[in-house]
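Working notes for the structure below.
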Amino acid sequence: MTRVAFALLFGWVTVAIVQAQSPQEAAAQLAARISSQLPRHPTVSLELRNLSSMTPVDLSSFGRILEEDLRKSGLPMTAMQPETRVRVAVSETARGLLLVAEILGGENRTVIMQPWIAPPASETKPRIRILRTPIWSQPEPVLDLVLLDSDSELLVLSPAAVSSFRMAEGKWIPADVAAISLARPPARDPRGRIENVPGGFRVYVPGTTCSGSLHPALRLACAPGNEAWAVSPREANLVARWVTDRNVLESPSFQGAFYSGAIGWFSAVDRRISDRAGNSLATPEPWGSDFANIETSCAPDPILLASGPGDNPGGDQTQAFEIASARATPVSEPMTLGGPIVALWPAETAGQATLVIRNSQTGNYEASRLGLACAE
Amino acid sequence: MRRRAWAWLALSSACLGALIGAIRPRYGGTLTVELSNASLLRDSPGASGHLSAAIAETLVRAGPRGIIEPQLAVAWQREPDNKRWRFSLRPKVTFHDGEPLNAVSAAPALLAALKKHYGDATVTAGGQALIVQFDHPVPDLLAELARPETAVFRRNETNPMIGTGPFRVTAWEPGRRLTLAAFEDYWGGRPFLDSIVLSLGSATARADVFDIPFGSARHVVPEGTRIWASPASELVALLAANPQSTLLQALSLAIDRAPIVNVLTQRRGEAAFGILPQWMSGYAFLFQTVPDVARAKQLIVQLRLPSINLTYPANDSFARSVADRIALNARDAGITIQPTTSAGGNLTLVRWPLESADAAMELTRLLTLLGASERAGSLDPTKPETLYEAERALLDDHRVIPLVYLPEVYGLAPRVHNWEGAQKRDPFRLNLENVWVDQ
Amino acid sequence: MSFRTKVFLSITTTVVITVWIVASVVSTLVTSSFERQDTQRTAALVSQFRSEFERRSAEVERRIDAVANSDPVQRLAVNLGASKTDTAQYYDQALALAKEQSLNFLELVGPDGSIISSAEWPARFGYKENWLLQPIDWKSQGVFLQRAQLADGPALALITVRTLNAGDGLLYIAGGQRLDKAFLDSLSPAPGMNIRLIRDLDAPARSDTADSKLADDLIQDVRARPHELSLTGPDLTLTAIPLLGRDKQLLAILMVENSRAELANLKTYIQGTAWIAGSAGVMLGLAFSFWAASRVTQPLLALAANVRDVASGKWNARARIDSTDEVGQLAQDFNQMTEQLVEQRDRMIQAERVAAWRELARRLAHELKNPLFPLQITIENLQRARQASPAQFDEVFHESTSTLLAELDNLKTIVGRFSDFARMPAPHLEPVDLNQVVGEVAKLFDAQLDALDRPRIAKILQLDDNLPNVSADPEQIRRALRNLVLNALDAMPKGGTLTLRTQRLDGPVESKVALEVSDTGQGLTPEECARLFTPYYTTKEHGTGLGLAIVQSVVSDHKGTITVRSEPGKGATFRIELPA
């Protein structure tokens, strides 16, 4: 079972890595095909057209590369009265991008098509004091992750497995996978928590609790049940446990179920942010269901990093808030994310939080670490 | 909402998870759905397979990229001759009545479904493995097994459809109402909703989710309603009974699709110049033309124009509007077209639902519908040019004139969440298991 | 013309003329009355049409104002002004508004003239209605007629236009109601009237019937010069009222048809009645004429028959009429007359018989006297001779006996003539060619005509070549003809001309043959003519006077007639007509 799960996961990852082509690769291939249709090397003009979700920046870049490749293949490029016009459209299908080249010369018209799995588009770097460091990306959901051993080892929690990775040459190399013996089918909107404990780690998913160790090999022992765990490593008094088959927590510190809790505030299922006594924040719906407290020297009070309010299936945001007198005040610019937040937990390292989003474009789950830097 | 929509009530794999927003989904509540087409509720849940996707699942499913993904079957192998297939069933899957899913319990429904298409199919059950055997090669068996008609289900005296899907049938009034309840032990995770009530609705649009068919008065919706439109999932086109190339070419030049899209579909549709929509083929833009009434007039100046009847489906006000507009465009070019609901017209306005995101598979199916299945043999899914050439050849005959692509359009009450995200997974299925509501 | 016929004709003529006059007058009065009524009805209908038109126009204005003031339209105008609206969402707005306001036509048109929404032809969105862009105050135009384009062809509509400010431009609301059969049905034409609205003025003429040709002619006339015009045909009266559009162009024609069927029926009825009355009059006349005849004519005819009998010689004819009226009196007088005539005739016959006996006696005495005197002389001579000179007695005896024998022969001849006349035989009939007889008889007298001792008498023969044979006794005919010729010669002692003429007479019933003997003698007086055929009557100094009587007897035996035509000094013509 473990091997099957690993194979699946690896297979997905492998497929994802093999099919993707860089713009250079795609351009070179297309240029070669175009050039092969023009053995006499007439003068050529290139027109580019975007019918995809590619950003204008990326499109422009691709166009320059393609033009250069065409020139290198011996085609004289000109914008003035060319003998042949090459119109390239970056189109898109459900499976990915499609390059469509029309070669128009006199009465002739040749069409060349080339599928292109592009790598993820670059995100707009935030300009705020929230710092984001991508850690890992995979097609399967990432519920949480923990960095160990001076960030040389990585444990990634998925709904049905824990994967371990080793850092090598700046990349995380998959090391092992351990399946979680789930007592219940994974909850829809799967959530989970992995925490580093002395001698290993613990995994908490709704209906199942696991203990694991990494060395000498990744091992996991799971048992049905919902054990309590500290919501934040640095907030030991706030313990909670999962509700089986659900995506909510329950705690003696709060009346009712909640999605997240930190520094005495809880995001309840009725979408209010309430304290233990049930009092709501004065600011109605300042943020979404997920938040985590993050320590920073930039502010005296604890800061909460929270997901954006409302339904944002295409994209989400995270923003830092300061809570004082039952009022949440944003203390940073919102950081726009490329997809909805799937998980937002305080990290095992102080001053960091683990953020997992699902990229709306690629569908991959992208795990990052967030930190705060003071604005200049 | 057509029958195909009911094929859209499908499951999603827990492996891929639910697409959620900034607010976490909430478990519980009842989602009310009003549909304008009673035929969907008239079918027995298991009779046509249209309703089975939420209730019963197939061995495999077509993912958002058209790639076949595991569902009840987690692995499969095929013999080189494509006559023998072996499927490994997913473990720990139960039917709604608690009966475990294994090869023995799955085989009867699978065999019955396969027999409808393949008379020589045999299914052998062994533990968690199913062997499907044919006397002839069946290379596209996976595509067939992804269709809701091949869902695995059982039946007993009280329940006509006992499936493995995220929802189970609790009440069914044929043609009027279907009530589903969450299946707590669903292997992909219990759905967020406690229950779903699907009923034949009126134009008042009071339900949480209601379809907005084109041409209905439902495009005026209550305040706060969100409108969700799927990607283009239906092709509206003109089919000519007798190929009269010059006349049809003139007609094609006379038709201005922009007003049809902008007004009749309220900009929700998309002008169609090719058979497959742009999002599916990626090359549909190559077929784009602009209306040229002057050229159309030139083409027909020497022709003795016959009387042309354009047949459109009765009781379809959208089709009627399109037919009237086509007649008006044709009139500008000097061609007289009379819209009618009587069969046997020279032209027929057809509405073809698209069933798969796989361009090659879909084009093959449409070529077969058009009686041009011989052209399907040249299609190579890995070479989009072959699809383009096949479409080009078909369009050059002018026997089919694509007009517009239509999406499925739904109105969503404010309390409905994650609808949009849930539907991104599969453009041809409604994934209600990932939808949740305020309570 | 008989009395019955006269009575019949006079009654019939009176009745017919009276009936005809009455019928004509009534027909004329009825026609003019109908035409007056038609004119009044048409005027009433046109007035009703105009009232309905105005009423509908007011209604259209009110409803279009309601549309213009409705929330959706106001919102549209505001959004158009803000340039942020997608007009596509209003595509079916007009249909809903039109249904709400019961309008057949409603278009919402944007500032550039593009149709945003059309109720009557929803598919026309985006098309231009440039006529709305004219810089005129639409409200002041009120409601006007307009030809509207529909999917199934043009229609006539009562249209009004309202505008709303939409930013820098205007939102046009143009709508109204159809002027069609339903509109016409709201009018109440009288029975026999029909109203049509002719919208397609360019439709080809249908002249397959008189009525359709009339309508076509009327339409052409009104098209040439739009004005109210009426034409009357055999079956109906058409009145055309032109319906003009906003720019005074002819859009349609309201055709009011007044059927003349009722009038025609009435006229037919009148004619029929007149015919019946006339026929009854004729029958009445006939009946009356028969009655009158039976009362008047019959007795008169009977009387006339009696008169004819009398004329034909039946003097004892009695009129058997028993009425006591004038006709009866006439009959009595007739009978009395005939009695008197019979008596007179008998007396006359008696007198003529006595006269004839006297004439015969005279003639006989005259004839006999001549031969008797010589006889007497002779015998006396004999006596004297015996007594005087017995020697000369033998000579005297021989001479005297010769004279006695001669005079006895003469007496025998005279007696023979009388005997012949008394004993004329019945004719032996055979086909006789009269021309031949005439020729033979004429030849007999040639010598006499050419005799030198008398004045010359010319002979003329005028014989008809086509003379048919007659059934006659040729000998008797010759005898009669000889007698006539002799008489003619005797009538011309100083010479003259004898003409013998034959002639074919073709009558309606039978053919006859005429034989004429004409002389140029001294002629006869009418009295002589009347007594000419009396036996023994003669105008000659000698003769027995039996010649013409014999002729008459022969002619009578041959069932012919003989007449004489003469005037004193001008000769005489005897004409015998015999049946062929």
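Residue numbers (this note's numbering), protein chains in the order written: chain P, 1 to 376; chain U, 1001 to 1439; chain Y, 2001 to 2580.
Note that beta-carbon positions come from the ideal geometry of N, C-alpha and C, so glycine has one too.
Does the Cβ of residue i have 16 or more other Cβ atoms within 10 Å, making it buried, or fewer, making it exposed?
i, result
"V142 (chain P)", "buried"
"L2244 (chain Y)", "exposed"
"H1050 (chain U)", "The pLDDT assigned to H1050 (chain U) is 39, lower than 50, so where the model puts this residue is not dependable, and the model offers no usable value."
"Q2476 (chain Y)", "buried"
"F2373 (chain Y)", "exposed"
"L8 (chain P)", "Residue placement at L8 (chain P) is poorly supported in this model, since its pLDDT is 40, which falls under 50; the coordinates are not used for a value here."
"E2527 (chain Y)", "exposed"
"I194 (chain P)", "buried"
"S122 (chain P)", "Residue placement at S122 (chain P) cannot be trusted, given a pLDDT of 43 that sits under 50; the coordinates are not used to answer."
"A373 (chain P)", "exposed"
"R1415 (chain U)", "exposed"
"T124 (chain P)", "In this prediction, T124 (chain P) scores a pLDDT of 35, lower than 50, which makes its location untrustworthy; no coordinate-derived value is stated."
"Q2146 (chain Y)", "buried"
"G1119 (chain U)", "exposed"
"S368 (chain P)", "buried"
"D1324 (chain U)", "buried"
"A2058 (chain Y)", "exposed"
"Q1440 (chain U)", "No statement about residue 1440 (chain U) is possible, as the shown extent of chain U runs from 1001 to 1439 and does not include it."
"V2354 (chain Y)", "exposed"
Residue i touches chain U at which residues, Cβ-Cβ below 8 Å?
i, result
"P185 (chain P)", "A1014, K1092, D1185, Y1186, W1187, G1188, G1189 and R1190"
"I357 (chain P)", "Chain U residues near I357 (chain P): none, gap ~10 Å exceeds 8 Å."
"P2122 (chain Y)", "S1321 and D1324"
"S289 (chain P)", "A1022, I1023 and R1024"
Cβ closer than 9 Å: which chain U residues qualify as neighbours of residue i?
i, result
"R246 (chain P)", "Y1027 and R1190"
Name the chain Y residues whose beta carbon is nearer than 7 Å to that of residue i?
i, result
"P1259 (chain U)", "F2125 and G2126"
"N1262 (chain U)", "A2088"
Have a look at the DSSP bridge pairing and note the partners of residue i.
i, result
"P2508 (chain Y)", "The partner list for P2508 (chain Y) (beta bridge, DSSP) is empty, contrary to what the question assumes."
"I303 (chain P)", "P:I294 and P:E322"
"A2277 (chain Y)", "In the DSSP output, where bridge partners are listed per residue, A2277 (chain Y) has none listed."
Report the neighbours of residue i on chain P: residues whose CB is nearer than 8 Å to its CB, in chain order.
i, result
"L1379 (chain U)", "What L1379 (chain U) touches in chain P: nothing, since even the nearest Cβ is about 13 Å away."
"E1433 (chain U)", "R188"
Quick one: which chain U residues come within Cβ less than 7 Å of residue i?
i, result
"Y259 (chain P)", "R1024"
"I2154 (chain Y)", "According to the sequence displayed, residue 2154 (chain Y) carries Pro and not Ile. Result: empty, since nearest Cβ-Cβ is about 13 Å, beyond 7 Å."
Residues of chain P with a CB under 9 Å from the CB of residue i: which are they?
i, result
"L1359 (chain U)", "Residue identity check: residue 1359 (chain U) is Ala in the sequence provided, not Leu. Correct list: T93, A94 and R95."
Chain Y partners of residue i, CB-CB under 9 Å?
i, result
"L1328 (chain U)", "W2121, A2123, R2124, Y2127 and A2151"
* Fully enclosed by the region 2180-2252 of chain Y, which beta strand (DSSP E) runs are 3 residues long or longer? -> 2193-2198, 2229-2232 and 2236-2244
* For the region 2283-2333 of chain Y, list the alpha helix (DSSP H) runs that are entirely contained and at least 4 residues long, ordered along the chain. => 2298-2311
* When Cβ atoms are compared, which residues of the region 261-287 of chain P fall closer than 7 Å to chain U? -> V269 and R271
* Asked: Can you give, in chain order, each stretch of the alpha helix (DSSP H) that sits fully within the region 1240-1311 of chain U and has at least 4 residues?
  -> Within the region 1240-1311 of chain U, the complete alpha helix (DSSP H) segments at least 4 residues long are 1245-1254, 1278-1281 and 1293-1300, listed from N- to C-terminus.
* Contact list for the region 2210-2238 of chain Y against chain U, Cβ threshold 8 Å -> none
* If you measure beta-carbon to beta-carbon, which residues of the region 1265-1279 of chain U are closer than 8 Å to chain Y? -> Q1266 and R1267
* **Residues of the region 1241-1258 of chain U with Cβ closer than 7 Å to any Cβ of chain P, in chain order** => none
* Asked: When Cβ atoms are compared, which residues of the region 1311-1323 of chain U fall closer than 7 Å to chain Y?
  -> S1321
* Taking the runs of the beta strand (DSSP E) that are 3 residues or longer, which of them lie wholly in the region 1053-1140 of chain U? -> 1060-1062, 1068-1070, 1073-1078, 1084-1089, 1122-1126 and 1129-1133
* When Cβ atoms are compared, which residues of the region 1362-1390 of chain U fall closer than 7 Å to chain P? -> P1384, E1385 and Y1388
* Name, going along the chain, the residues of the region 1281-1311 of chain U whose beta-carbon falls closer than 7 Å to a beta-carbon of chain P. => S1281, G1282, Y1283, F1285 and L1286
* Asked: Residue ranges of each beta strand (DSSP E) run of no fewer than 3 residues wholly in the region 157-232 of chain P, ordered along the chain?
  -> 161-168, 171-179, 193-197, 200-205, 208-213, 219-224 and 229-232
* Anything in the region 2138-2164 of chain Y with a Cβ closer than 7 Å to a Cβ of chain U? List those residues in chain order, please. => A2151
* To do: Taking only runs that begin and end inside the region 24-58 of chain P, name each unbroken beta strand (DSSP E) of 3 or more residues, in chain order.
  => Complete beta strand (DSSP E) runs here, min 3: 44-50.
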